[in-house]
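**Student:** Submitted below is the structure of interest, expressed as structure tokens.
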Amino acid sequence: MALQSLDIKQRSATTTPAPQARQTIEIAKLIDVSACIGCKACQVACMEWNDVRDEVGSCHGIYDNPVDLTENSWTVMRYAEVEEQGKLEWLIRKDGCMHCSDPGCLKACPAPGAIIQYANGIVDFHQENCIGCGYCVSGCPFNVPRISKKDSKAYKCTLCSDRVAVNQAPACAKACPTGAIQFGSKEDMKDYAEKRIADLKERGYQKAGLYDPAGVGGTHVMYVLHHADRPGLYSGLPQDPAISPTVSLWKGVTKPVAAAALGLVALGSLFHYVMKGPNEVSKEIEKEVEKEDAQ
Amino acid sequence: MIRDPKDLQRYTASERANHWLVGICFILLALSGLAFFHPAFYPLVQFFGGGPWARILHPFIGVLMVLAFVIMFFRFAGLNRMTAADRAWLSRIGEMVDGNDHGMPEQGKYNGGQKLMFWLMTLSMIVLVISGVLMWRSQFSFAVDVVRLASLAHALAAVVMIVLIIVHAYAAIWTKGTVRAMWYGTVTRAWAKQHHRAWYRQMTGK
């Protein structure tokens with residue numbers, strides 16, 4: 573969504589800095605997994621607000637529906653049944669874009685302005701600039717972006733940038749009946765999380781903690797987890813997510829070095845010609861051939 | 347069209363057409379590929395009707411290039427086998443680049459540098475086509491780690507390929523009387539005698 577009312581921090585495929593004079597606070601969405609009842613109101617609210625409708629799928633024998641994120645389902649509830657100390661735990665995680673501070677999608681994107689990071693931390697796809705290459709999919713450490721089969725554009729959670737721009741909480745947070753989805757400044761959300769974590773620890777979850785992974789510079793969607801030491805329990809939430817070293821190499825040092833190498837080879841050729849002169853057929857050999865013809 | 351009936355035929359019409367088909371594909375692929383590679387080159391997508399069109403066309407042009415390249419490979423592979431004379435030539439390439447070819451060993455239809463170029467281009471093409479298929483998202487869906495590696499390999503192989511082509515085209519421009527072999531197929535006998543003496547002998551019986 574193109575929105576001028578939010579300040580831009582970073583723009584894909586752009587090598588000069590974005591305007592930085594205006595300072596805004598970072599926002600965050602906090603998902604308290606321990607308070608989630610798996611009602612999917614957030615999924616419905618997301619569809620409603622963003623006017624996206626997924627196909628009515630089929631039952632896969634589990635609660636997850638749809639079973640994966642799609643271009644029309646920007647958030648999905650993932651239900652994991654885990655046995656902990658002889659007790660069944662139903663770990664329900666609302667999956668979707670984490671809005672990384674160091675977004676792999678933005679780093680990988682070759683189209684200027686197709687991916688925008690706002691100063692408040694929201695990472696947004698601007699589909700009008702998207703060329704449909706899918707590099708964002710390769711860049712993302714959380715497997716979030718999806719390319720539409722219909723229009724070949726990439727889609728994901730916008731953190732309701734349009735609502736946030738007018739001081740409204742994201743649709744999912746607004747719809748959550750248990751307060752499991754909180755929204756506010758990142759600082760406030762961390763404070764709120766601390767209280768929740770203290771409460772969980774009191775109730776026996778010694779490893780409760782905040783999921784705000786440093787490998788991607790922190791995220792603007794954070795989780796309160798009862799088992800923060802093992803995020804993988806929550807339907808494969810990555811332990812130490814970071815932009816893949818392959819992507820960093822491809823989109824990092826390779827770009828300027830290769831561009832410089834190409835320029836040097838082209839210029840080197842020109843200067844070789846100018847300094848050494850062309851490689852002409854020698855007069856001697858031309859005369860030899862002429863002589864043979866005359867015989 | 348014969349300019350001088352005694353000129354030597356270096357390339358047939360179909361070899362030339364084949365070469366130019368590969369060449370045109372390469373130029374289009376390099377322009378669109380560079381656009382995706384570095385933001386400084388992104389405006390090149392305008393040659394293709396914008397970003398999405400460049401993204402759509404690039405892999406199809408790639409497929410065409412591979413097909414044309416495979417045919418060209420089989421036309422010329424036999425002529426590009428490395429020999430001891432080629433290695434001797436390559437060991438003295440510094441003198442050649444310096445503009446002094448007096449001490450260079452006698453060469454057949456292709457010199458060691460051209461042969462090396464041929465095999466390096468072939469190698470680049472293999473890496474480019476395999477990695478290109480792996481990262482062709484609109485047609486295929488491979489594991490993300492595989493696609494990441496393919497993306498890196500594709501970029502590196504493409505840079506190597508572009509460097510090779512710059513050297514290839516420059517060598518043709520630098521060596522006067524060469525480019526016409528790719529326009530209308532012939533070279534002068536003096537050109538052949540100077541640059542590819544063994545081939546000159548084979549063609550003229552002298």
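So the sequence lines, in the order shown, correspond to chains A and B. Per this note's numbering, the very first residue in the first sequence carries number 573; after that it's consecutive. Per this note's numbering, the very first residue in the second sequence carries number 347; after that it's consecutive. Built from N, CA and C at the ideal position, the CB exists for glycine as well.
Evaluate Phe755 of chain A with the Cβ neighbour count: other Cβ atoms within 10 Å of its Cβ, from every protein chain shown; 16 or more gives buried, anything less gives exposed.
**Tutor:** Phe755 of chain A comes out buried.
**Student:** Looking only at C-alpha atoms, which of A:Ala590, A:Thr586, A:Lys848 and A:Tyr806 sits nearest to Val796 of chain A?
**Tutor:** Of the candidates A:Ala590, A:Thr586, A:Lys848 and A:Tyr806, the one whose C-alpha sits nearest the C-alpha of Val796 of chain A is A:Tyr806.
**Student:** Counting only the same chain and skipping the five closest in sequence on each side, list residues whose C-beta sits under 6 Å from that of Met549 of chain B.
**Tutor:** So the qualifying residues of the chain are Leu354.
**Student:** With respect to the beta strand (DSSP E) encompassing Phe655 of chain A, which residues constitute its N-terminal and C-terminal limits?
**Tutor:** As written in the sequence, residue 655 of chain A is Glu, which differs from the Phe given in the question. Looking at the DSSP string, the run of the beta strand (DSSP E) that includes Glu655 of chain A is Val648 to Glu656.
**Student:** Say whether chain A places a C-beta atom closer than 9 Å to the C-beta of Gly523 of chain B.
**Tutor:** It does: the Cβ of Gly523 of chain B has a partner Cβ on chain A nearer than 9 Å.
**Student:** Check whether the Cβ of Asp623 of chain A lies closer than 9 Å to any Cβ atom in chain B.
**Tutor:** Closer than 9 Å: no.
**Student:** Would Met428 of chain B count as contacting chain A if we go by Cβ distances under 9 Å?
**Tutor:** So, not an interface residue.
**Student:** Around the Cβ of Gln453 of chain B, are there at least 16 other Cβ atoms within 10 angstroms (buried) or fewer (exposed)?
**Tutor:** The residue in question, Gln453 of chain B, is buried, as its Cβ has 16 or more Cβ neighbours within 10 Å.
**Student:** On the criterion of 16 or more Cβ atoms from any shown chain inside 10 Å, does His799 of chain A qualify as buried, or is it exposed?
**Tutor:** The residue is buried, with at least 16 neighbouring Cβ atoms inside 10 Å.
**Student:** Report all residues from its chain with a CB closer than 8 Å to the CB of Arg438 of chain B; omit the five preceding and five following residues, and keep chain order.
**Tutor:** Cβ within range, chain order: Gly449, Met450 and Pro451.
**Student:** Alpha carbon to alpha carbon, how far is Val639 of chain A from Met619 of chain A? Give it in angstroms, no decimals.
**Tutor:** Each residue's Cα considered, the two are about 16 Å apart.
**Student:** Could you tell me whether any Cβ in chain B is nearer than 9 Å to the Cβ of Leu821 of chain A?
**Tutor:** True, the Cβ-Cβ gap to chain B drops below 9 Å.
**Student:** Please report the straight-line C-alpha distance between Ala504 of chain B and His541 of chain B, rounded to a whole angstrom.
**Tutor:** Roughly 30 Å between the two C-alpha positions.
**Student:** I'd like the list of long-range same chain contacts for Gly610 of chain A, defined as Cβ closer than 7 Å, with 5 residues on each side in sequence excluded.
**Tutor:** Tyr635, Met649, Tyr651 and Ile664.
**Student:** Nearest CA to the CA of Gln870 of chain A: which residue from A:Ala780, A:Ala743, A:Asn701 and A:Asp760?
**Tutor:** Residue 870 of chain A falls outside the range modelled here, since chain A spans only 573 to 867, and no answer is possible.
**Student:** Quick one: complete alpha helix (DSSP H) runs, 4+ long, within the stretch 443 to 495 of chain B?
**Tutor:** Runs of the alpha helix (DSSP H) inside the stretch 443 to 495 of chain B: 458 to 480.
**Student:** Can you tell me where the beta strand (DSSP E) holding Tyr845 of chain A begins and where it ends?
**Tutor:** No beta strand (DSSP E) holds Tyr845 of chain A; the alpha helix (DSSP H) holding it covers Thr826 to Lys848.
**Student:** Across which residues does DSSP place Asn851 of chain A in a beta bridge pair?
**Tutor:** Answer is B:Thr521.
**Student:** Would you mind sorting Trp366 of chain B into buried or exposed? The rule is 16 or more other CB atoms within 10 Å of its CB.
**Tutor:** Trp366 of chain B is exposed by the Cβ-count criterion.
**Student:** What residues match up with Thr532 of chain B in a beta bridge as DSSP calls it?
**Tutor:** Answer is B:Gln355.
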